[in-house]
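Presented below is the structure to which this report refers.
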Amino acid sequence: QIDAAGDLLKRCSKYLDLVQKAPPEQRARVAKNVIDLRMIQVKTAISPLRNSGAALDGLKQLEADAKSYNIELKPDVQGTLLRYKIMAYQIGGQVNQALDLIRQLPEKERPDIMKGFVYSSLEDMSEAEKNGDAKTSKEIAGTVAALLQQLVKVDTTGAVYLYRQLEADMLA
């Protein structure tokens, strides 16, 4: 599985390098594919490869691509990206960076992004369990619950009830 994941990462990178060299009109036609491939790269770097550096680099590139293609990422996608950043920091042993990320979110958008974060986490937990990977599922649940508990402590947006509800959904 690790070898296949490494191969997938290399193939995605090769395709994305070719896209970067293509004329602007061709790049515009594949903009959505670029974002999807970046998501695949990041997810693969996180699990099964557990490569924090590759995941964080891929996230940085994904955000740059979204900006250059004028693609507005929906709150659920932003939540997924946030979770991937948090997981990458966790893999790299930079746990305090995770809460800092959440604090940096625009207060008005924070509740919607956190909903996307939790629901994408639930989907990944379900997928991990389907694949017989209870350890990953439990790891995701623990990380998300811990972050929500910290967010409740520092919330200034009045969304404490929402965060407690999301935490309950996470632990259900």
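Sequential numbering of the sequence shown, starting at 1408, is according to my numbering.
Heads up, the beta-carbon is just placed ideally off N, CA and C, and yes, glycines get one too.
Determine the direct distance from the alpha carbon of residue j to that of residue i, and round the result to whole angstroms.
i       : j       : result
Gln1501 : Lys1439 : 31 Å
Glu1574 : Lys1542 : 19 Å
Gly1486 : Lys1492 : 10 Å
Gly1413 : Val1551 : 27 Å
Leu1466 : Val1561 : 26 Å
Arg1517 : Asn1503 : 18 Å
Gln1448 : Leu1416 : 6 Å
Gln1497 : Ala1505 : 8 Å
Leu1580 : Ser1533 : Because residue 1580 is not part of the residues shown, which for the chain are 1408 to 1579, the question remains open.
Ala1471 : Ser1420 : 15 Å
Leu1578 : Glu1432 : 46 Å
Gln1511 : Leu1558 : 12 Å
Glu1514 : Asn1477 : 23 Å
Tyr1422 : Asp1443 : 12 Å
Leu1469 : Gln1572 : 30 Å
What did DSSP end up calling residue i once you bin it into helix, strand or coil?
i       : result
Pro1455 : coil
Gly1500 : coil
Ala1548 : helix
Gly1539 : coil
Thr1487 : helix
Ala1579 : coil
Lys1439 : helix
Gly1413 : helix
Lys1421 : helix
Tyr1568 : helix
Gln1408 : coil
Ile1476 : A quick correction: the sequence has Tyr, not Ile, at residue 1476. Three-state result, Tyr1476: coil.
Pro1482 : helix
Lys1515 : coil
Would you call residue i buried or exposed, if buried means 16 or more other Cβ atoms sit within 10 Å of its Cβ?
i       : result
Thr1638 : Missing from the structure shown is residue 1638; the chain here goes from 1408 to 1579 and no further.
Gly1539 : exposed
Ala1535 : buried
Tyr1568 : exposed
Ile1453 : buried
Ala1495 : buried
Gly1523 : buried
Ile1409 : exposed
Lys1450 : buried
Arg1436 : exposed
Ala1566 : buried
Asp1531 : buried
Does any CB atom of chain B fall closer than 8 Å to the CB of residue i?
i       : result
Glu1479 : The structure shown contains no chain B; it holds only a single protein chain.
Counting Cβ pairs closer than 8 Å, one from the region 1424–1433 and one from the region 1451–1460, do we hit at least three?
Verdict: no, contact absent.
Is the number of C-beta pairs between the region 1522–1535 and the region 1472–1485 that are closer than 8 Å three or more?
Yes: at least three Cβ pairs fall under 8 Å.
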